[in-house]
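Protein chains in written order, with my numbering: chain A, 1 to 232; chain B, 1001 to 1169.
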């Protein structure tokens, strides 16, 4: 028995380790059934997800028409490098599919993982109050490496605000406004209610896409499949 | 006939024998538990690497920088995966050593020595090359240092040596 026991312990530990790896992988790349604003969310296997899906900030920041056959909802963090890499892909999708695809952006600044993420989210939301959310969104992602490395991002962000033609004084006031904080908070609540913990997380017509399937070709394939389904 | 002096010596030997019998398995048992901490930390990092998303880094802010740096892979293999294999090997060897397999104890010392040197190199890279620390890498470093400390304690027969000194006063 004494000879067999250590082998049994090692095999049990191996099984637990492989099980943990499988669980984490499933959690990270799980796909959920479609969800929309408001209804009861499906609970992924083994995950204690809240049951009511929060609607998020209203109206959401969206490109495209509300009745588009395909909606991509991204939970993003302006300072997250994978989000920065996804940005040109989504621009390409927007360019290729036009009004057939609606793209929604939700704020999910990962704090304190990214030191400037919350400031960047406030920056984009403050620009949104002057109707220039997407202009700021694009600038933040396109220059992510520049401001990410900076100690003080305020002058850089103010430079972006000036560049896209915002009223700078109003922009500065809005940065700390309740409206801006509330929008970020509500998007965060929606993320939490959907069990989103990492960025970028993208939902296609309410179905969460695995990170691997966010590659441009795979994304196109899934959009085409949804469009074909909608055309039937 | 036993002289008083020889009686003391015999009891000292018995104490040393008890400590070496108890101390070895206990130290190796603790080493196995520490290896498990390192193993699950490395598994978490490996899955983070495979899925490629930004993970919540709750204590420090440099996880993305460290985990997306060129030093996070060796010949295309995630360093975290190599770490997971190393920790599982440590766990297996420590378990075997706790059950009296002497060769396992020697192999464990060798592997922990290699891991210790690798950890020093990785800490250097985080501090002076990448300029950021990743909390999960720091947990792994702490696990390796703890393993090294345990094996050093075993090597120098602690706590037996301390007790021997204490009883000599």
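Cβ coordinates follow ideal geometry from the N, Cα and C atoms, glycine included. Source: prediction; values computed, not measured.
Cα-Cα separation between residue i and residue j, rounded to whole angstroms
i                       : j                       : result
residue 1076 of chain B : residue 96 of chain A   : 33 Å
residue 120 of chain A  : residue 103 of chain A  : 20 Å
residue 1025 of chain B : residue 1114 of chain B : 22 Å
residue 1156 of chain B : residue 1048 of chain B : 39 Å
residue 1050 of chain B : residue 22 of chain A   : 12 Å
residue 59 of chain A   : residue 1131 of chain B : 40 Å
residue 62 of chain A   : residue 68 of chain A   : 11 Å
residue 201 of chain A  : residue 219 of chain A  : 13 Å
residue 19 of chain A   : residue 142 of chain A  : 39 Å
residue 1078 of chain B : residue 13 of chain A   : 22 Å
residue 1123 of chain B : residue 180 of chain A  : 39 Å
residue 1093 of chain B : residue 1104 of chain B : 5 Å
residue 1174 of chain B : residue 1142 of chain B : The structure shown has nothing for residue 1174 of chain B, since chain B only spans 1001 to 1169.
residue 139 of chain A  : residue 161 of chain A  : 10 Å
residue 158 of chain A  : residue 79 of chain A   : 17 Å
residue 93 of chain A   : residue 212 of chain A  : 17 Å
residue 1027 of chain B : residue 1069 of chain B : 36 Å
residue 6 of chain A    : residue 105 of chain A  : 52 Å
residue 37 of chain A   : residue 190 of chain A  : Bear in mind that a pLDDT of 42 at residue 37 of chain A, under 50, signals an unreliable position, so the model cannot answer this.
residue 208 of chain A  : residue 124 of chain A  : 24 Å
residue 1140 of chain B : residue 1099 of chain B : 25 Å
residue 47 of chain A   : residue 24 of chain A   : Caution is warranted here: a pLDDT of 48 is assigned to residue 47 of chain A, below 50, making its placement in the model unreliable, and no coordinate value can be reported.
C-beta atoms of residue i and residue j nearer than 8 Å
i                       : j                       : result
residue 70 of chain A   : residue 223 of chain A  : yes
residue 188 of chain A  : residue 129 of chain A  : no
residue 194 of chain A  : residue 86 of chain A   : no
residue 1136 of chain B : residue 1045 of chain B : yes
residue 1116 of chain B : residue 1035 of chain B : no
residue 74 of chain A   : residue 186 of chain A  : no
residue 1089 of chain B : residue 1119 of chain B : no
residue 132 of chain A  : residue 168 of chain A  : no
residue 1037 of chain B : residue 1150 of chain B : no
residue 57 of chain A   : residue 170 of chain A  : no
residue 1042 of chain B : residue 1087 of chain B : yes
DSSP three-state assignment for residue i, whether helix, strand or coil
i                       : result
residue 1155 of chain B : helix
residue 113 of chain A  : coil
residue 1104 of chain B : helix
residue 72 of chain A   : strand
residue 107 of chain A  : strand
residue 155 of chain A  : helix
residue 1145 of chain B : helix
residue 202 of chain A  : strand
residue 208 of chain A  : strand
residue 8 of chain A    : helix
residue 1078 of chain B : strand
residue 34 of chain A   : The predicted position of residue 34 of chain A is uncertain, since its pLDDT is 41 and thus under 50; a value taken from the coordinates is nonetheless stated next. If DSSP states are grouped into helix, strand and coil, residue 34 of chain A belongs with coil.
residue 13 of chain A   : helix
residue 1085 of chain B : helix
residue 62 of chain A   : strand
residue 102 of chain A  : strand
Does the contact criterion of 3 or more C-beta pairs under 8 Å hold for the region 141 to 161 of chain A versus the region 116 to 124 of chain A?
Segments in contact, yes.
Using a Cβ cut-off of 8 Å, which residues of the region 101 to 132 of chain A contact any Cβ in chain B, in chain order?
Within the region 101 to 132 of chain A, the residues whose Cβ lies closer than 8 Å to some Cβ of chain B are 110, 112, 113, 114 and 115, listed in chain order.
Output needed in chain order: residues of the region 1086 to 1106 of chain B with a Cβ under 7 Å from some Cβ in chain A.
Cβ contacts with chain A come from 1088, 1091, 1092, 1095, 1096 and 1099.
The region 162 to 185 of chain A: which residues have C-beta closer than 8 Å to a C-beta of chain B, in chain order?
Listed by position, the residues of the region 162 to 185 of chain A near chain B (Cβ gap below 8 Å) amount to none.
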